[in-house]
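Residue numbers (the working numbering): 2 to 79. From the three backbone atoms N, C-alpha and C, an ideal C-beta is built for every residue, glycine too. Since the structure is predicted, the reported quantities are computational estimates derived from the model, not experimental observations. Taking it in order: structure first as structure tokens, then the write-up.
Below, the structure written as structure tokens:
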């Protein structure tokens, strides 16, 4: 469901960007510029959020490995 929603949003962004291009040609360049900047900023912010979501498990795994190595070094069998 999540991927379906993401693909629909991407399709919506492309169609709205196309609408912005049509506004430039029809004589509303300022509206089209604001529209395009807003859409692209939203895409960039969403992309950064996706990147963080992808990196969090990797960073947590690295932290867990580091903690295990620290415990192994601190282990003193008697």
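Residue 43 versus 70, 5, 10, residue with shortest Cα-Cα distance:
Position 42 of the chain shown, counted from the first residue, corresponds to residue 43. Considering only alpha carbons, the answer is 10.
Any idea what DSSP makes of residue 30, helix, strand or coil?
Looking up residue 30 in the chain shown gives position 29. Residue 30 falls in the helix class under three-state DSSP.
Tell me the rounded alpha-carbon separation between residue 63 and residue 38.
Along the chain shown, one-based indexing puts residue 63 at 62. Along the chain shown, one-based indexing puts residue 38 at 37. Approximately 37 Å between the Cα atoms of the pair.
Does residue 50 pass the burial test, meaning 16 or more other C-beta atoms within 10 Å, or should it be called exposed?
Numbered from its first residue, the chain shown carries residue 50 at position 49. Residue 50 sits exposed, since fewer than 16 C-beta atoms from the chains shown fall within 10 Å of its C-beta.
What did DSSP end up calling residue 76 once you bin it into helix, strand or coil?
In the chain shown, counting from the first residue as 1, residue 76 sits at position 75. In the structure shown, residue 76 adopts coil according to DSSP, grouped into three states.
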